[in-house]
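Enquirer: Can you read through this structure? Questions will come right after.
In structure tokens form, the structure reads like this:
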């Protein structure tokens, strides 16, 4: 029998994306390895932005906004993820600056009864030629506006 994964629940702010925990994401105790949370968050964010036209396609950036670097990443673990399967990743923007953005996120069970981890992730858009901060495009600002917690 096929078990179709339900669509992520609607949220008051931000977006929920489901991320798949695979066997090779687990540590020797069968728990999601602490370093894999950053990877799963990256995959959830990439899926969201890609669905809105901001991605790498055919070896090229669809917009200059995909050229950005993580400036800071913090995470607090609340409960272990104990095995494979989908996990909900709720993320939103707390701040959108000229060339920076500050995300907040939480990993939780699909039924939203257990919070596994929560944290923040700050990014800076870079000019590829100078590696200096560069302003977000209007395209990125339009998409980012849908993620702002207090619009």
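In the numbering used here, the protein residues as written are 119 to 269. C-beta: ideal position from N, C-alpha, C; glycine also. Here the structure is a predicted model, which means the values were calculated and not measured.
1. Contact defined as beta carbons within less than 8 Å: I believe residue 179 pairs with residue 185. What is the distance between those atoms, to the nearest angstrom?
2. In whole angstroms, give me the CA-to-CA distance for residue 228 and residue 248.
3. Where does the unbroken alpha helix (DSSP H) through residue 221 begin, and where does it stop?
4. Can you give the Cα-Cα distance for residue 197 and residue 233, rounded to whole angstroms?
5. Could you check the C-alpha separation between residue 147 and residue 141 for me, to the nearest Å?
6. Return the residue from the list 218, 129, 131 and 158 that minimises the CA-CA distance to residue 235.
Expert: This is what the structure holds:
1. 6 Å
2. 42 Å
3. Membership of residue 221 in any alpha helix (DSSP H) is not indicated; the residue belongs instead to the beta strand (DSSP E) covering 218-226.
4. 7 Å
5. 12 Å
6. 158
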